[in-house]
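Residues -24 to -1, 1 to 428 (mature numbering (1 follows the signal peptide of the UniProt record, and there is no 0)) make up the sequence shown, in order. C-beta: ideal position from N, C-alpha, C; glycine also.
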Amino acid sequence: MKKLVTLLVASSLAVVFSIQPVFANIPPAAMTDERGVPTLAPMLEEVTPAVVNISVAGKRVTRQRLPDAFRFFFGPNTPQEQVREQPFQGLGSGVIIDAENGYVVTNNHVINDATEITVTLKDGRQFSAQVLGRDAESDIALLQLENPRNLSEIPIGDSDALRVGDFVVAIGNPFGLGQTVTSGIVSALGRGGFGMERLENFIQTDAAINSGNSGGALVDLHGNLIGINTAIIGASGGNIGIGFAIPSNMMKNLVDQIVEHGEIRRGVLGVRGGNLTQELAEALGIDRARGAWVSEVITDGAAYKAGVQAGDVIIAVDGSPVQSFTELRAKVATVGAGREVRLTLLRDGREQTVRVTLDSQEQQQVRADNVHPALEGTELSNDERGGIRVSEVASGSPAARLGLREGDVIIAVNRQRVESVQDLQRSVEGARGVVALHIRRGNSTLYVVLPN
């Protein structure tokens, strides 16, 4: 499925619906025009000025490893890889969520590597923008317009209140055509496991999404923002009626952290596990087949201190249902370190509630060069799925030259599995001779050898 998933660096929306049911929940004043014809125009007239077009420009560094035969021909001092800077341009969408401060939310992949960001409003006005903060793992970025004035904003709705079947309207900039409005329904909630982002908890919609709509608004029929459009599934990158949006509650948690701290302070629960399946539920004597099953609780972690136990099944976070371990990870990681969450769990067939104060991901990080000099230029942190996650590989650093990439997960050293940064450090220090790191990258694995 991963090959069919498209991130929308330029995307749109469209769907056909039965007119009578669509307007069932709209206030009477917005249901019809002066001729009694059903219409969404009054709501859209309020909302669409807050949805913007985003154009970006910049340069991306590309690396191409040279064949050994080429190096042999030109001599042993020939660089192992060729590095180039290639200019790029891109289009996307965004949503104004704070008119006074000029805050615009979009997708991280829309503005990634951009050095110039221009935001165009519905009325044609243009503003330069700067990035206040971003989160690659959830694909959210917060921009601020320079000298904002006379802006509109969209009120943020409660995405946890959504139900499958609710009608939604999507607004964006498909293919650079300009602002486009389309509609559909909520097809599913809590979607994840596609490998698009590390933190996936998508709203699925049948609204037709196409390239250019990334970062655009998904709103309910009252004009409240309930999602940020992000990706589609399609064999050719076109719409087949399966689109995804980041829930507004998840987005708001991240934006609040950026505004308050200037960065994302990832919350960590301190458990490992997987999805509750029918077979596992029967083995545990649980009368349900949805939830996040806890296989291990990290000693002295947040969940451990709150009394969570291996074998528990977490079924809700702060009253919002949890369908899978992927959804649990996304919800917890975007809440923010130091925040308290209320977990509803099943233990021995009985429902219980525990309160957990989340740890900070930074508490589990170390400088990579403390593990080995060749790893300088990145951060290492424990991954909740097991292994050690590599983050933010600095361009031109020893780690980059070694071939490490942001998002890689180190799962073993010399074929001995490692579960934590402490395991990695001990294994590297105790290794004799060659040190080979076994790395998981997306759906594939590879080995990287550390120099002596």
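Counting C-beta pairs closer than 8 Å gives fewer than three between the stretch 275 to 283 and the stretch 153 to 161, which falls short of the contact rule. The shortest C-alpha to C-alpha distance from residue 84 to any of 60, 30, 76 is the one to 30. Residue 347 carries a coil assignment under DSSP once its states are collapsed to helix, strand and coil. The three-state secondary structure of residue 404, taken from DSSP, is helix.
Here the alpha carbons of residue 409 and residue 191 stand approximately 49 Å from one another.
Leaving aside the five residues that flank residue 359 on each side, the residues in its chain whose CB is nearer than 7 Å to its CB run, in chain order, 365, 385. At a Cβ-Cβ threshold of 7 Å, residue 333 and residue 226 do not count as neighbours. Per DSSP, residue 391 is not a residue of any alpha helix (DSSP H), being assigned neither H nor E. In the DSSP assignment, residue 377 falls within the alpha helix (DSSP H) that extends over 374 to 378. In the pairwise beta carbon analysis, the stretch 313 to 323 is classified as not touching the stretch 367 to 387: fewer than three pairs are separated by under 8 Å. When DSSP states are grouped into helix, strand and coil, residue 327 belongs to the strand group.
Distance from residue 119 to residue 66 at the Cβ level is roughly 14 Å; contact not present, criterion being Cβ atoms closer than 8 Å. Under the three-state reduction of DSSP output, residue 234 falls in the helix class. Counting C-beta atoms within 10 angstroms of its own C-beta, residue 422 has fewer than 16 neighbours from the protein chains shown and is therefore classed as exposed. Residue state for residue 135 is assigned as helix, using DSSP reduced to three classes. When Cβ pairs closer than 8 Å are counted between the two stretches, the stretch 192 to 205 is seen to touch the stretch 216 to 223, the count reaching three or more. Shortest Cα-Cα distance from residue 81 to any of 242, 383, 229 involves 229. When C-alpha distances from residue 254 are compared across 300, 235, 351, the shortest belongs to 300. Distance check between residue 380 and each of 406, 388, 127, 417 places 417 closest, using alpha-carbon atoms only. One Cα belongs to residue 62, the other to residue 90, and the distance between them is close to 12 Å.
Annotation: the continuous beta strand (DSSP E) that includes residue 120 extends over 116 to 121.
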